Each structure stands twice: as C-alpha cells, then as structure tokens.
Amino acid sequence: MGILSLSEAWRSMPGRKSFLQHLNRAISGSRENKRRFAVMVVDLDGFNEINYAKGCDYGDKLLLEIGKRLKLIIGEKGYVARSWGDEFLIACHLKKEKEALNKAEELIKGFDEGFKIGGERIYVTASVGIALFPNHGENSENLISTASMAMKRAKENGRKRYVFDDIKTRNDTCRVIEITNCLKEMTEEDKYEELELLYQPQFHLATGKSVGAEALLRWNSPKFGLLMPNLFISIAEERGLIVKLGEWILMKACKQAKYWIDSGASFQKMAVNISKQQLSTSFSGLVRDTLKRTGLEPHYLELEITETLAMTDSERTKLVLNELRGLGVRIALDDFGSGYSSLSYLSSIPIDCIKIDAALIKDLPGNQKNSIITESIIELAHSLDYGVIAEGVETREQLSFLKEKKCDYFQGFLFSKPLPKKDYERKFL
Ligand code: C2E
Ligand code: CA
Ligand code: CA
Numbered sequence: 027m028g029i030l031s032l033s034e035a036w037r038s039m040p041g042r043k044s045f046l047q048h049l050n051r052a053i054s055g056s057r058e059n060k061r062r063f064a065v066m067v068v069d070l071d072g073f074n075e076i077n078y079a080k081g082c083d084y085g086d087k088l089l090l091e092i093g094k095r096l097k098l099i100i101g102e103k104g105y106v107a108r109s110w111g112d113e114f115l116i117a118c119h120l121k122k123e124k125e126a127l128n129k130a131e132e133l134i135k136g137f138d139e140g141f142k143i144g145g146e147r148i149y150v151t152a153s154v155g156i157a158l159f160p161n162h163g164e165n166s167e168n169l170i171s172t173a174s175m176a177m178k179r180a181k182e183n184g185r186k187r188y189v190f191d192d193i194k195t196r197n198d199t200c201r202v203i204e205i206t207n208c209l210k211e212m213t214e215e216d217k218y219e220e221l222e223l224l225y226q227p228q229f230h231l232a233t234g235k236s237v238g239a240e241a242l243l244r245w246n247s248p249k250f251g252l253l254m255p256n257l258f259i260s261i262a263e264e265r266g267l268i269v270k271l272g273e274w275i276l277m278k279a280c281k282q283a284k285y286w287i288d289s290g291a292s293f294q295k296m297a298v299n300i301s302k303q304q305l306s307t308s309f310s311g312l313v314r315d316t317l318k319r320t321g322l323e324p325h326y327l328e329l330e331i332t333e334t335l336a337m338t339d340s341e342r343t344k345l346v347l348n349e350l351r352g353l354g355v356r357i358a359l360d361d362f363g364s365g366y367s368s369l370s371y372l373s374s375i376p377i378d379c380i381k382i383d384a385a386l387i388k389d390l391p392g393n394q395k396n397s398i399i400t401e402s403i404i405e406l407a408h409s410l411d412y413g414v415i416a417e418g419v420e421t422r423e424q425l426s427f428l429k430e431k432k433c434d435y436f437q438g439f440l441f442s443k444p445l446p447k448k449d450y451e452r453k454f455l
C-alpha cells in the first residue's frame, strides 16, 4: 500500500454525500439536454462473512481494490462512490437503455478474476440494481432507493445478478413483506401443512442404482401458489425463521427415511439441507434428539452445508461438524466450486463428501476449463478420502464424462426431478 494509509486511500474515493451532489448536477444537466443516465447500486455477496473470517483490515483492502476495479470498468464518463459497508454507488450516462444492461454485466464479470490481497487471490461476487433517469425516478433519493430495491431483488434471485427496477420490482417487494408475515405466522403457530418435502433421488454412477434422496422444500401456498425455496428460504434465513423451519424439515425427512427403511426398501441415505443460522452450538443436540425420536440410525442421515458456510466462522463450524460426525451423521459440502473454493481448507474441515455444483457440470464436457476443474475436484476429493456427488446432471454426455472421471454419485433431471413422496416410492423403492 506504500506511504498512503488505507483510510487515506479510502478518502480518495467519493462517499455518499459527493455522490448525491454529483447526481443532482447530473439530473439538472440531463433535464436540460434530455439525456439519460443510470444509477447503479453494487453490493457484494457474502462480504460480512469475509470480514468476519479475515478481519476488517483485510475487508477494507478488498473494498479498496473493488472500488478501483469498478472505476476501471465504468471509465472516465461515469462516477463511482462508496456508499456504506460493502455497497458502491455508480452513475453513468447512456444513449440507450440496453447500455445499462451491458455495463451491469461488465461489472459482474469484472469480479471473475478475483482480487489480489496480500499475496493471495480472493474471489467475491456482486449483485447490481439499476434505475434509469428519468424512467424510474426524477430525483436522486428516488433513483438510489429504486436501484437499491432492484439490487435486493437481484440478491433474492440468487446473487451475482443485476436487476432493473420496474413495476414488478415494487410488487415483488410487497410480496416479500407478505411472505415474511406468512412465514412468521407459520413458525409462531407451528403450522406447516402448506410445506412439503420433495425427494430427488441420488444414483451410484457405476451401477446406476438409486442410493437415497435429497429432501427439497416446497411451499404450496393458497395465497401465492407454489413457491420454490429460492423465493422464501433466504427470507426465512434473514429473519431468523429458518431455525424453526429447519427443525420441522429435519424431523419430516428423518421420519420419512425411517418409514421407507422399515418398509423394507433399499434406502441408504436422506440428505437434508442446512442453513448457516441452524448451525448453532445446540444443533448437534437437536439432531441427536430428532434421530432418537424418529428411531433413524445416524448413518442414514447426510447433512448438506454450503461451501461458503463451511469457510466462514470456520472454528465454530468445525466444532459443530465434529460433534455431528461424532453422532455418526454424514456431512456433505454442497455447491462446491460455486463460490470461494479454497482447496487448502478442504483438508481441514470434517466432511464425508463433496457435491460438485451444477454450474460446473452444466457445460461439461464441451467447456474445457470446467472439465479440468471437475476432474481435479474428483481427484482431490478421492485423495482426501471423500466421496463425490455431481449435481444438476441433465445430459448423457455429462454422465459419461463423470463416469469416465470416476465420480461416485450423481443427481439431476436426466434421471429424475425432485418428486413427491408417493412418486418417489413408486419409482425408486
Ligand atoms: P441445492 O441444495 O443446491 O439443491 C439443488 C437444486 O437443484 C434443487 O432446486 C433441485 O431441484 C435443482 N436441480 C436438481 N437437479 C437439477 C438439474 O438437473 N438441473 C437443474 N437445472 N436443477 C436441478 P430447488 O429444489 O429449487 O432448491 C433450491 C435451493 O434451495 C437448494 O439448492 C437449497 O439451497 C435450498 N433448499 C431447498 N430445500 C431446502 C431445505 O429444506 N432447507 C434449506 N436450508 N435449504 C433448502
Ligand atoms: Ca443441497
Ligand atoms: Ca447444491
């Protein structure tokens, strides 16, 4: 960093106040010349976790590098400022609406190569919300809040995206509030009739035999229709409601597994997704009680935790995972290869298997880079004595590739979508 200290370096970047001034000037200028421009809110995905795991100094350095990168992409004609936390504000002139989309895409792609901090490279992604002047707001506050709302929607839709504000965004925001209220009511009253678990079979790759299933949540809401988990799990997580929902999910999945095993079927495992908020110190107690109450033997249960979760707060996570494995429950590392995969930590966390993210599988075997990465993950996992599952397998070509590379298991639409329990029974038990 040289002589310039970090805080001084920060000061060289305009803050929110300067941005507002710039924006007000841009608005009056554009009114006179009938020019258009875009306001973008860029928010990093999972930055708090990085800050927590690596410390604030590291976080600051990263933000500085990101600011520089954003400036480089936006160029001379735009204005980049820091808002607060891990949020940046951008204003740039446009000729056509479409240019805003191209810029947002460039911004998101601009993160792909990662950022070099103190000799190591770190990978982060960002979500972008866009508002256009004059279409989406006539004053600076309006434009920023509209872009912010769009950014939040981008995150809800799975991060690393950009979203335009429009009437739909506004309606969606109202819907988020309604969904939150319904979820609150559901957990307060312990009434989960509208929730359903679907079961997606997992197969042994060498033999094609089904070995068990991953439980995936659905919400059949009379008010909203069928809701997919992407639309409400993040809300439940943000509001802390996932802990109670998660208890219900775990109980339901364990009961189902026990029922299938007792009915004489060859059913070897039930995989259940676990959110970060659930992994508190009392979690292993809850799992132990649930197994006891349902009578399910622990080795039938596999808990899926995401890669990002495993990396953050890693000491506590390791502790809880060790306790769970002590019970005899298996742990799978979900979405591997989608986030900040760090190979060095892989050998240090207590897991049993790795699930290769569908995004890597998607363009196999045509995409050479992804093929090499997938092959390396399989080899690495095996050398660490972990099993490997590929998820999102949709084509025969993907399947043959994975078979050739000796991946152990797979799941995906090629063989089956997630199914209601009766259909699962009929087809796979
Ligand atoms: P995930 O854990 O990565 O689950 C896999 C997702 O990929 C599922 O989406 C599944 O339906 C979908 N999928 C499976 N095979 C294919 C395929 O061949 N092609 C494509 N395009 N997709 C495939 P789903 O059910 O919508 O779940 C989305 C996410 O919601 C899950 O991602 C998981 O993170 C979360 N989720 C689902 N159920 C639960 C739950 O009970 N608890 C928690 N905490 N999260 C859950
Ligand atoms: Ca999963
Ligand atoms: Ca996954």
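Sequential numbering from 27 applies to the sequence shown in our numbering.
Don't be surprised by glycine CBs; every beta carbon is placed ideally from N, CA and C.
Here the structure is a predicted model, which is why all the values come from computation and not from measurement.
| Query | Result |
| --- | --- |
| So, Asp434 versus Gly418, is the Cβ gap smaller than 8 Å? | no |
| Report, in whole angstroms, the separation of the C-beta atoms of Pro255 and Ala239, which I expect to be a contact under 8 Å. | Not a contact, Cβ separation roughly 16 Å. |
| Would you be able to state if there are at least three C-beta pairs under 8 Å between the stretch 137-147 and the stretch 116-128? | no |
| When you measure from the CB of Lys381 to every non-hydrogen atom of ligand 3, does any distance come out below 7 Å? | yes |
| Leaving out the 5 sequence neighbours to the left and right, which residues in its chain are closer than 7 Å to Phe137 when beta-carbon positions are compared? | Val150, Thr151, Ala152 |
| What are the start and end residues of the beta strand (DSSP E) that includes Val67? | 62-70 |
| State buried or exposed for Thr307, treating a residue as buried only when at least 16 other CB atoms are found within 10 Å of its CB. | exposed |
| Spatial neighbours of Leu267 within its chain, please: C-beta separation below 6 Å, excluding the five flanking residues on both sides. | Leu209, Thr213 |
| Tell me whether His325 is buried or exposed, calling it buried when 16 or more other Cβ atoms sit within 10 Å of its Cβ. | exposed |
| I need the DSSP call for Pro160, collapsed to helix, strand or coil. | coil |
| Which value, in whole angstroms, describes the spacing of the CA atoms of Leu329 and Pro160? | 49 Å |
| Mark Asn207 as exposed unless 16 or more other C-beta atoms lie within 10 angstroms of its C-beta, in which case mark it buried. | exposed |
| Let me check understanding here. Comparing Cα to Cα, which of Ile116, Pro376, Ile404, Gly352 lies closest to Ile387? | Ile404 |
| The beta strand (DSSP E) spanning Asp360 covers which residue range? | 356-362 |
| Kindly indicate which three-state DSSP category Arg108 falls into: helix, strand or coil? | strand |
| For Leu491, which residues from the same chain have a beta carbon less than 6 Å from its beta carbon, with the 5 sequence-adjacent residues on both sides left out? | The shown model of the chain, from 27 to 455, leaves out residue 491, and the question about it has no answer. |
| On the criterion of 16 or more Cβ atoms from any shown chain inside 10 Å, does Glu479 qualify as buried, or is it exposed? | Any property of residue 479 remains undetermined from this structure, which presents the chain solely from 27 to 455. |
| Under a criterion of Cβ closer than 5 Å to any non-hydrogen atom of ligand 2, which residues qualify, in chain order? | Asn299, Glu330, Asp360 |
| Taking only three categories from DSSP, how would you classify Glu102? | coil |
| Compute the Euclidean distance between the alpha carbons of Val269 and Glu263, then round it to the nearest angstrom. | 8 Å |
| So, Ala157 versus Leu49, is the Cβ gap smaller than 8 Å? | no |
| Based on the DSSP secondary-structure assignment, which residues constitute the bridge partners of Pro227? | Ala239 |
| Would you say the beta carbon of Glu182 comes nearer than 7 Å to a heavy atom of ligand 1? | no |
| Please confirm whether any heavy atom of ligand 3 lies closer than 7 Å to the CB of Glu333. | no |
| Looking at the structure shown, is Gly251 part of a helix, part of a strand, or coil, going by DSSP? | strand |
| Could you please give the first and the last residue of the uninterrupted beta strand (DSSP E) stretch that includes Gln437? | 435-437 |
| Determine which residues share a DSSP beta bridge with Trp245 and list them. | Leu221, Leu253 |
| Measure the alpha-carbon distance for Thr332 versus Lys381 and round it to whole angstroms. | 9 Å |
| Alpha carbon to alpha carbon, how far is Ala180 from Ala291? | 43 Å |
| For my contact list, Ala358 and Asp378 are in at a C-beta cut-off of 8 Å; report their separation, rounded to the angstrom. | 7 Å |
| How many Å lie between Glu451 and Leu242 at the Cα? | 16 Å |
| Find out if the Cβ-Cβ distance for the pair Phe229, Phe436 is shorter than 8 Å. | yes |
| Please say whether Ile76 and Gly85 have beta carbons closer to each other than 8 Å? | yes |
| Between the Cα of Glu423 and those of Asp389, Ser373, Gly363, Tyr218, spot the shortest distance and give me the residue it belongs to. | Asp389 |
| May I ask which residues mark the beginning and end of the alpha helix (DSSP H) holding Thr332? | Careful: Thr332 lies outside any alpha helix (DSSP H), inside the beta strand (DSSP E) at 327-332. |
| Is there at least one non-hydrogen atom of ligand 3 closer than 7 Å to the beta-carbon of Glu263? | no |
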